[in-house]
């Protein structure tokens with residue numbers, strides 16, 4: 001046998017908190033994660049995958065729900081013909097209290113520890129290496145000076161860590177391209193980075209981050225999935241397969257010149273495909289200039305769109321339509337205030353500071369207009 | 001502008017009172033209780049209406065000034081605006097505000113004014129709200145101090161001195177909104193949104209800690225449980241081994257028992273074979289010799305022997321008898337021949353002799369023939385007797401013969417019977433003489449057979465006893481599969497049994513412990529919020545706090561920049577206000593104080609020219625304070641109203657705390673001021689009247705004299 005079919009996934013982060021969502025939604029998303037895991041298992045079955053790599057951070061923390069553990073256990077049993085290799089990551093590092101230690105895992109699951117070890121799969125002519133985190137950080141490369149024992153095998157490794165430039169530091173197992181090249185591995189299944197960035201190679205070693213199979217927040221946008229395909233000596237035929245149940249989208253929508261909530265809602269609705277609304281999660285930044293008299297309450301918009309969207313969050317980044325130039329020339333409290341404010345904004349260099357100042361400008365103008373300030 | 005006439009129809013203690021007012025300085029004198037305060041209240045009520053919400057009668061104008069006799073209060077006021085238009089405000093006050101009536105009429109046309117709000121005409125007329133009115137041009141007794149008015153109109157007006165295009169902008173209001181927003185988020189009473197969120201966060205943190213503790217406990221229990229499970233497995237293995245040992249021993253027992261059984265079985269088999277041989281030997285041409293047969297035959301044989309013996313005896317007897325009979329017969333025959341013949345002959349001779357003799361001799365002699373005859377008869381008789389005897393013997397012999405013959409026949413029958421019986425077994429050739437030995441043989445064989453059977457039976461009994469209720473097949477299996485490994489003989493079965501029991505006891509305990517631990521693990525977190533959920537809540541609170549903190553940052557920036565902007569504005573109006581007020585103060589203090597600085601909160605710092613030091617206002621005497629506030633008010637009025645827009649300046653006993661020198665100075669200043677503005681001075685101080693008498697064109701009104709408007713007499 002000179003080829004072996006593998007599936008490489010990572011960073012499932014079971015039972016991750018979804019604090020951005022409501023309590024119910026958060027539960028629903030946790031279930032989505034389980035569902036996505038189920039999808040991966042189905043893929044393993046369907047494609048008759050020989051080896052399943054889980055490159056760390058299977059759990060988000062040490063406080064996983066029993067339901068989740070039971071589910072994972074059951075799912076692993078369903079693919080008893082597949083060898084499963086798991087390396088603990090920084091979120092689910094291996095210690096005596098870890099589920100990796102306290103839970104009984106099915107016999108087809110192999111969990112790597114703090115020291116590099118290997119498993120020979122003679123029937124697949126494959127040798128699988130691996131090493132896991134034993135604490136929440138690993139400041140030294142876990143595969144420093146590592147090299148495979150026997151190059152006649154198809155040699156693979158499952159690993160959680162961060163690929164860094166030589167000399168660059170990281171708390172999360174900083175591995176360099178040199179480390180990877182020296183390993184003589186045929187494939188290195190990496191976890192930690194939540195985004196799939198393609199399959200790379202150095203010397204004779206292919207390596208890739210599969211990314212996470214399901215996004216967990218607006219910092220994990222777009223397609224999420226796993227890597228699946230065949231590996232051999234000098235042969236890496238993996239494809240990215242999307243697995244996520246829901247995707248995260250961030251969108252800027254210009255609502256300039258709108259005067260009513262109705263118009264805003266129409267604009268939002270127009271910009272998002274209907275079939276996506278019920279499935280995916282959206283964060284909408286409202287931009288553009290709107291009348292100073294129209295103070296947008298994002299909670300109201302969210303409320304109005306709640307029925308149509310699975311999840312939508314509205315951020316108000318609009319600016320008031322004001323003739324700032326004319327105003328700031330006025331010698332009045334308002335004029336001086338606007339002038340000073342804009343001066344500060346001009347000087348501000350970081351985005352957060354700018355946002356803060358924009359907000360301050362809005363607050364100030366509202367206050368000077370004798371209006372109370374609505375806090376959501 | 002100026003108030004031309006006050007006409008109180010019915011208001012408090014005032015009734016049908018008309019007071020004409022003039023340009024310049026008007027002085028309204030009245031002793032205490034003369035109705036000065038009521039009149040002031042009337043003026044204010046005409047311009048701004050009456051508040052009826054306050055509970056205290058002293059503060060509630062409506063309660064204070066409504067007539068007691070259920071009538072409504074009413075009255076009117078005439079005023080002339082800066083364009084010389086004359087208006088009349090006419091108002092009626094009922095018990096409640098909604099019963100009030102109010103209108104503003106153009107006196108010339110008699111039409112209602114459309115640019116003056118009849119409800120609060122003062123707002124349109126003075127350009128000031130009620131509060132600001134009371135804090136600037138309307139100075140009631142002992143209310144000299146200037147403070148921030150509710151709507152912050154004064155500052156609003158001050159701050160827009162330079163550019164009045166944006167009159168709505170209020171610095172203090174704006175700042176207040178910003179401050180309020182911040183207070184809504186965070187405040188000293190911990191009721192702000194952030195405060196609450198922080199409290200929530202702390203709560204969740206507490207929950208988290210507790211929950212985490214439980215989690216830790218569970219984790220430890222899980223480890224403990226795993227250990228116990230391992231122990232349990234060890235125990236189970238040990239018990240399994242022991243049971244194997246036990247089984248082995250049991251098997252060994254069975255093995256041994258079976259082995260023993262097999263010995264017996266072998267023996268039984270051997271004996272059975274022997275028996276079989278015997279049985280076969282007792283098998284003759286398909287017929288089986290059995291004891292009954294032998295017994296029967298024996299019986300027959302015995303009888304046959306007896307018969308044979310008795311036959312032999314009879315034969316012997318017969319032979320003896322025959323010999324004897326033959327002897328006797330011979331004797332008898334001889335006797336017969338001899339005796340009977342002799343007697344016959346003798347008789348015959350006698351007869352013949354008697355017959356011859358009797359013939360010859362004497363017939364008597366014939367008598368002798370009787371003897372002969374007798375003799376012959378006797379002989380005959382004898383003969384007959386013997387013959388009979390012989391006959392008898394012969395008969396007897398015959399009888400004997402017959403008997404013997406019978407016996408012989410019976411014997412023969414018996415013999416034949418026997419032969420016949422035996423014939424199926426031994427064939428035709430068996431001789432009767434051989435029967436006995438055959439029988440004997442058979443009998444002995446039968447005996448052997450019986451003995452064997454007996455032996456087999458007893459062996460079988462032992463076998464059975466050994467087998468007891470065991471299944472021999474099973475035993476056989478055990479025997480066949482028995483792996484004869486060495487057994488530790490030092491430990492006996494009982495010990496093993498005890499150890500097993502002991503170990504099982506421990507096992508049960510372990511299982512119970514494991515169950516307990518598992519139960520603990522299961523129930524510990526029962527109905528407890530999941531850690532993740534708590535963390536989410538914490539995260540939510542934290543994010544919200546951060547969001548709000550960001551808002552606070554923005555609010556603070558807005559406040560700071562607004563303050564800066566205000567300062568900038570203030571830098572423009574401040575010096576003017578400072579100068580105006582300073583000039584007034586200088587005039588009324590005889591140049592003692594002339595430089596001062598007014599903050600946005602109307603706090604004043606004054607430079608003491610003589611001592612050349614700046615003092616906080618708190619350091620001044622009451623009299624000086626009154627002077628300062630007088631100057632401030634007047635200064636503000638001068639600053640906020642255009643020079644060509646004059647408003648009446650109304651003062652009520654503002655100079656009570658003034659000494660004579662100060663009074664002179666202030667009255668002098670006021671007199672000068674009144675040249676361009678209407679001033680209405682209420683007073684109960686005769687000294688003021690006396691002093692003002694010295695000025696010309698002072699319009700004096702005395703309330704004390706029957707509440708009638710009257711020009712003050714030249715000499716009071």
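Chains as they are written, first to last, in full-length UniProt numbering: chain A, 1 to 376; chain B, 1 to 716. In this text, a Cβ means the ideal position worked out from N, Cα and C, and glycines have one as well. Quick caveat, the model's predicted, so the values are computed rather than measured.
Contact check for residue 182 (chain B) against residue 599 (chain B) fails: the beta carbons are separated by 9 Å or more. Relative to residue 2 (chain A), the option among A:237, A:360, A:372 and A:374 whose CA is nearest is A:237. Proximity of the region 642–660 of chain B to the region 676–684 of chain B meets the contact definition, three or more beta-carbon pairs being nearer than 8 Å.
In the structure shown, residue 229 (chain A) falls within a strand segment according to DSSP collapsed to helix, strand and coil. Inter-residue distance for residue 603 (chain B) and residue 596 (chain B) is about 10 Å (C-alpha atoms, whole angstroms).
When the beta-carbon positions are compared, residue 635 (chain B) and residue 569 (chain B) stay at least 9 Å from each other. Counting only unbroken stretches of 3 or more residues, no beta strand (DSSP E) element lies wholly within the region 222–289 of chain B.
Excluding five sequence positions before and after residue 47 (chain A), the CB atoms of its chain that fall closer than 7 Å to its own CB belong to 5 and 228, given in chain order. Around residue 106 (chain A), no beta-carbon contact reaches into chain B at under 9 Å, the shortest distance being about 16 Å.
For residue 66 (chain A), the closest alpha carbon among the candidates A:95, A:103, A:171 and A:148 is that of A:103. Taking a beta-carbon distance threshold of 9 Å, residue 178 (chain B) counts as an interface residue toward chain A. The closest CA to that of residue 566 (chain B), considering only B:172, B:396 and B:352, is found on B:172. In the DSSP assignment, residue 655 (chain B) is bridged to no other residue. For residue 252 (chain A), no alpha helix (DSSP H) segment is defined; the enclosing uninterrupted segment is the beta strand (DSSP E) at 248–254.
Excluding five sequence positions before and after residue 71 (chain B), the CB atoms of its chain that fall closer than 7 Å to its own CB belong to 10, given in chain order.
A Cβ of chain B is located within less than 9 Å of the beta carbon of residue 336 (chain A). Spanning the alpha carbons of residue 184 (chain A) and residue 145 (chain A) requires a straight line of approximately 11 Å. Uninterrupted beta strand (DSSP E) stretches at least 3 residues long and entirely within the region 313–376 of chain A occur at 319–321, given in chain order. Every alpha helix (DSSP H) stretch that sits fully inside the region 314–384 of chain B and reaches 4 residues is listed by chain position as 341–352. Straight-line spacing of the CA atoms in residue 487 (chain B) and residue 249 (chain B) works out to 8 Å. Between the alpha carbons of residue 303 (chain A) and residue 20 (chain A) lies a distance of about 16 Å. Under the DSSP assignment, residue 41 (chain B) falls in the alpha helix (DSSP H) whose first and last residues are 36–48. For residue 19 (chain A), the chain B residues whose C-beta falls within less than 7 Å of its own C-beta are 536, 539, 540 and 543, listed in chain order. Less than 9 Å divides the Cβ of residue 361 (chain A) from the Cβ of residue 338 (chain A). Out of A:163, A:187 and A:206, the CA that lies nearest to the CA of residue 51 (chain A) is found in A:187. Here residue 436 (chain B) is actually not in contact with residue 287 (chain B); their C-beta atoms are around 19 Å apart, not less than 8 Å.
Here residue 297 (chain B) is near residue 422 (chain B), since their CB atoms are less than 9 Å apart. Residue 132 (chain B) has a beta carbon lying at 9 Å or more from every beta carbon in chain A.
The contact set of residue 272 (chain A) on chain B, defined by CB atoms closer than 9 Å, is empty, because the minimum CB distance reaches about 24 Å. Per DSSP, the continuous alpha helix (DSSP H) segment holding residue 66 (chain A) begins and ends at 66–78. Note that the C-beta distance between residue 30 (chain B) and residue 684 (chain B) is below 9 Å. In this structure residue 127 (chain A) is buried. Its beta-carbon is surrounded by 16 or more other beta-carbon atoms within 10 angstroms. Approximately 5 Å separates the beta-carbon atoms of residue 210 (chain A) and residue 8 (chain A); this is inside 8 Å, confirming the contact. With respect to residue 219 (chain B), residue 293 (chain A) sits apart: the two C-beta atoms are not nearer than 9 Å. The beta carbon of residue 291 (chain A) is closer than 8 Å to those of 259, 320 and 321 in its chain, skipping five residues each way along the sequence. Note on residue 178 (chain B): 16 or more other CB atoms within 10 angstroms of its CB, so buried under the neighbour-count rule.
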